[in-house]
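To keep things clear, I will list the structure first and then write my remarks on it.
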Amino acid sequence: MKRSDKQCLNCGKEFLPKTVTSVYCSHVCSKKAYKQKMIRLKKEVGIKALVDKIPQNRAFISVPEAGMLFGIAKKTLYRLVEKGKIPSVNLGTRLIRIDRRVMEEMFGPASILQQAKSPPKKKLYSLEKEDCYSIGEIAQRFQISEGSVYSHIRKYSIPTRQIGKHVYAPKSEIDNLYNGNDFI
Ligand SMILES: [Zn+2]
53 MKRSDKQCLN CGKEFLPKTV TSVYCSHVCS KKAYKQKMIR LKKEVGIKAL VDKIPQNRAF
113 ISVPEAGMLF GIAKKTLYRL VEKGKIPSVN LGTRLIRIDR RVMEEMFGPA SILQQAKSPP
173 KKKLYSLEKE DCYSIGEIAQ RFQISEGSVY SHIRKYSIPT RQIGKHVYAP KSEIDNLYNG
233 NDFI
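To get this note's numbering, take the position in the sequence shown, counting from 1, and add 52.
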């Protein structure tokens, strides 16, 4: 590996970074990583929704519920239950129930639940002209066609603003999309 080469965070290939912040070898890898991040975020939202459904006053919870609430892998919990490290009630196959209070004693408060209660952070971007690239600038800077820029903007719901003849998009959002700064 040459000193100037970097390893792509997506495919692991060595590449010569265009800018110091480049972490992906290509737009393809950058886009793939972006998609994966979106999938991961969706999953997290899904878990939070499930966690919200667990009644707070229910004393006995299932192993998957305990895993979600306390942020511990199900496998680990099943192992601890099997070894008797976590006392449990077995209502049948895969119907193991754990005392929530025991979990709290062992692992502390159910932190994910508390996080789920806090309002989601709003994404901050500025649509001031100096904080934006025009579509033409984006195409030039990242060496893609304006058509592709438009389709990515639509696909990833990136906000835009028209000023005069030109359409502008926030630098922060565009840099995240094409440079992957956000994924480090
Ligand atoms: Zn790559």
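Beta carbons: idealized from backbone N, C-alpha and C, even for Gly.
What's the call for residue i, buried or exposed, on a 16-neighbour Cβ count within 10 Å?
i           : result
residue 15  : In the structure as shown, the chain starts at 53 and stops at 236, and residue 15 therefore has no counterpart that could be examined.
residue 190 : buried
residue 158 : exposed
residue 80  : exposed
residue 200 : exposed
residue 141 : exposed
residue 178 : exposed
residue 187 : buried
residue 155 : buried
residue 101 : exposed
residue 138 : buried
residue 215 : exposed
residue 74  : buried
Closer than 8 angstroms: is that where the CB of residue i sits relative to any heavy atom of ligand 1?
i           : result
residue 78  : yes
residue 231 : no
residue 67  : yes
residue 62  : yes
residue 184 : no
For residue i and residue j, I'd like the C-alpha separation in whole angstroms.
i           : j           : result
residue 72  : residue 193 : 14 angstroms
residue 128 : residue 119 : 9 angstroms
residue 113 : residue 92  : 25 angstroms
residue 223 : residue 97  : 26 angstroms
residue 181 : residue 220 : 7 angstroms
residue 211 : residue 94  : 20 angstroms
residue 106 : residue 121 : 9 angstroms
residue 117 : residue 135 : 19 angstroms
residue 99  : residue 150 : 19 angstroms
residue 231 : residue 132 : 42 angstroms
residue 248 : residue 183 : Residue 248 is absent from the structure shown; the chain starts at 53 and stops at 236.
residue 162 : residue 123 : 8 angstroms
residue 228 : residue 63  : 18 angstroms
residue 213 : residue 70  : 27 angstroms
residue 148 : residue 160 : 21 angstroms
residue 77  : residue 83  : 11 angstroms
residue 225 : residue 86  : 11 angstroms
residue 197 : residue 61  : 24 angstroms
residue 195 : residue 126 : 45 angstroms
residue 104 : residue 206 : 31 angstroms
- Task: Could I get the ranges of all uninterrupted alpha helix (DSSP H) runs contained in the region 66-133, with 4 residues as the minimum, in chain order?
- Result: 79-105, 115-122
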